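Q: My structure is below; once you've seen it, I'll send some questions.
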Amino acid sequence: MNITDLRNAVNGIDFDKQKQEQMILEIRAKKKAHRYTGILRMAAAVAVCIVTVGILSVPVRAVVTSLVRERMESLPEEEVAQIAEQIQNQQAEANSSTREYTEGEKTRRGELYAQYMNGLFPTGELTMVDSEGEAKEHEFCFLTTTGVFYLPVDRELTDEEILQKIDFERKQDYALQEQRAEELAKREAAEREQVKEVVASGGITEEQAVETATGYLQQVFGLDGSGMELNHYYNESDVEPVIVADTYCVNWSDYGNYRYYYFHINASDGTLRSLSYSHDIQEAEAVRPTVSEAPGKIADIKRQARDFLEEKLKIRGSYKEVKSYYRVNVTDETVSRLVDVLFVGEDGASYLVACRWNGEADDFSVTTKEDYEKQLREEVELNIYYYETREEREVEIEIVED
Numbered sequence: 000m001n002i003t004d005l006r007n008a009v010n011g012i013d014f015d016k017q018k019q020e021q022m023i024l025e026i027r028a029k030k031k032a033h034r035y036t037g038i039l040r041m042a043a044a045v046a047v048c049i050v051t052v053g054i055l056s057v058p059v060r061a062v063v064t065s066l067v068r069e070r071m072e073s074l075p076e077e078e079v080a081q082i083a084e085q086i087q088n089q090q091a092e093a094n095s096s097t098r099e100y101t102e103g104e105k106t107r108r109g110e111l112y113a114q115y116m117n118g119l120f121p122t123g124e125l126t127m128v129d130s131e132g133e134a135k136e137h138e139f140c141f142l143t144t145t146g147v148f149y150l151p152v153d154r155e156l157t158d159e160e161i162l163q164k165i166d167f168e169r170k171q172d173y174a175l176q177e178q179r180a181e182e183l184a185k186r187e188a189a190e191r192e193q194v195k196e197v198v199a200s201g202g203i204t205e206e207q208a209v210e211t212a213t214g215y216l217q218q219v220f221g222l223d224g225s226g227m228e229l230n231h232y233y234n235e236s237d238v239e240p241v242i243v244a245d246t247y248c249v250n251w252s253d254y255g256n257y258r259y260y261y262f263h264i265n266a267s268d269g270t271l272r273s274l275s276y277s278h279d280i281q282e283a284e285a286v287r288p289t290v291s292e293a294p295g296k297i298a299d300i301k302r303q304a305r306d307f308l309e310e311k312l313k314i315r316g317s318y319k320e321v322k323s324y325y326r327v328n329v330t331d332e333t334v335s336r337l338v339d340v341l342f343v344g345e346d347g348a349s350y351l352v353a354c355r356w357n358g359e360a361d362d363f364s365v366t367t368k369e370d371y372e373k374q375l376r377e378e379v380e381l382n383i384y385y386y387e388t389r390e391e392r393e394v395e396i397e398i399v400e401d
């Protein structure tokens, strides 16, 4: 998808700036972790390119436990069809909430999600309403026409209410998967044939990619994948962006705590092409500095990025250049949420480490300086275009290099 395509797509999206910002962050964080169904749930998913550049391939949320699978498969066909139709008719900002979770609710959601996956289901059903007037009559409900969860104003959600919300979201995922079942089956069959060709030409199998990614999950994050949902698939070269084409995507999702771990393993030689870790939105926002504070943080961020390469990924080497990049919205006096640190090798091959402003690494990828800087310029262009067309104002955005 080129910039012209993205511009045309963005022009067809109608939602306010706050929802735009929230959605972009959620997709960057891969909270909407669906490979194909997420595209249906959020028609505005292309807008992620405005801020993050690059279309992410995100997987269908796998129903991995037999208890949850049995629950979904026992749903009446009429209910599944109705849920899918609701999603199709909802606005771009579907599945938003009237307020953020409290810290207590976040903690309990993580605990309850793990129990849900082990068979602790709600005793009742989420209340559905079809108008804002009806929604105001309930403390906790779901407005079907807009896809908004109405949460209690003066109290926290109960465990039962959290379970009802979790259960309904899983029903949404299942309904969309069922609606696209034939298409997904064809896509998966085609991928299996491609994987056969990859292996026949000397590449690795999908199982080997999972084994490699599991090693990195332990090595980088100290996790073994228990308590999370595992999904993996092959990325087609003629469909996916260059950075992840011809790779196996292996990912673990801790939906209860909004934490996601993605690894792209080169299908031809089994090397790590990229990894990313995403987390609750507020975590990244909390450490973002002011424009004047930002320059003073760069040296430490570069050091932590190098430590990440050497200590976590075991990549050691000499580099002819180590540069940092971040964006400054001069008009609004804000900096981008991440700082990119590029390690340029003597042979031109480069490692990119994206860090939060406290130095914690979020993403790693193998690239070149030319490709990365081209991508960054396109990102800025799309940002400016968004402000011009959606907010009808001009902004100045600068790329700061060090």
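Residue numbers (numbering that gives the first Met the number 0): 0 to 401. Idealized CB from N, CA, C, for every residue including glycine. All of these numbers come straight from a predicted model, not from anything done at the bench.
With DSSP as the reference, label ALA266 as helix, strand or coil.
A: coil
Q: Please state the DSSP three-state secondary structure of VAL152.
A: It is coil, neither helix nor strand.
Q: Tell me whether SER378 is buried or exposed, calling it buried when 16 or more other Cβ atoms sit within 10 Å of its Cβ.
A: Checking the sequence, you will find Glu at residue 378 rather than Ser. So GLU378 counts as buried.
Q: For TYR247, name the three-state secondary structure that DSSP assigns.
A: strand
Q: Please state whether DSSP places GLU387 in a helix, a strand or coil.
A: helix
Q: Taking a contact to mean a Cβ-Cβ separation below 9 Å, would you say SER323 touches LEU341 in this structure?
A: With contacts defined by Cβ atoms closer than 9 Å, SER323 and LEU341 form a contacting pair.
Q: From ILE383, GLY347, TYR384 and PHE363, pick the residue whose C-alpha is nearest to that of GLU369; which is it?
A: GLY347
Q: When burial is assigned at 16 or more other CB atoms within 10 Å of the CB, is ASP223 buried or exposed?
A: Exposed: under 16 other Cβ atoms inside 10 Å.
Q: Can at least three beta-carbon pairs, one atom from the stretch 300–315 and one from the stretch 378–393, be found at a separation below 8 Å?
A: The stretch 300–315 vs the stretch 378–393: no contact.
Q: If we call anything under 9 Å between Cβ atoms a contact, is TYR247 one with TYR261?
A: no
Q: On the three-pair Cβ rule with 8 Å, is the stretch 105–114 touching the stretch 253–273?
A: Taking 8 Å as the limit for Cβ pairs, the verdict is that the stretch 253–273 does touch the stretch 105–114.
Q: Give a yes or no on contact between the stretch 164–181 and the stretch 75–88, applying the rule of three or more CB pairs nearer than 8 Å.
A: yes
Q: Rounded to the nearest angstrom, what separates GLU210 and SER200 at their Cα positions?
A: 20 Å
Q: If you count every other CB in all the chains shown that lies within 10 Å of the CB of GLU320, and 16 or more means buried, which is it?
A: exposed
Q: Leaving aside the five residues before and after ASN328 along the sequence, list all residues of the same chain whose C-beta is less than 7 Å from its C-beta, in chain order.
A: For ASN328, where only same-chain residues beyond five positions count, the Cβ hits under 7 Å are VAL394 and ILE396.
Q: According to the Cβ coordinates, are VAL334 and ALA266 closer than 9 Å?
A: no
Q: Let me confirm a value: ASP361 is counted as buried when at least 16 other C-beta atoms fall within 10 Å, else exposed. Which label applies?
A: ASP361 comes out buried.
Q: Just to confirm my understanding: we take MET227, look at its own chain, exclude 5 residues before and 5 after, and list those with CB closer than 7 Å. What are they?
A: TRP251, SER252 and ASP253
Q: Under a three-way DSSP split, which group does TYR100 fall into?
A: coil
Q: Using a Cβ-Cβ cutoff of less than 6 Å, which residues in the same chain neighbour GLU332 once the five nearest sequence positions on both sides are dropped?
A: VAL290
Q: Could you name the residues that DSSP lists as bridge partners for VAL321?
A: PHE342
Q: From the DSSP output, in three-state form, read off ARG169 for me.
A: helix
Q: Can you find the residues in the same chain that come closer than 6 Å, C-beta to C-beta, to ASN94, ignoring five residues on each side of it along the sequence?
A: GLY146
Q: With contact counted as at least three CB pairs below 8 Å, one residue from each stretch, are the stretch 107–122 and the stretch 153–161 in contact?
A: yes
Q: Can you say whether THR143 is buried or exposed, counting buried as having 16 or more other CB atoms within 10 angstroms of its CB?
A: buried
Q: Under a three-way DSSP split, which group does TYR276 fall into?
A: In the structure shown, TYR276 falls within a strand segment according to DSSP collapsed to helix, strand and coil.
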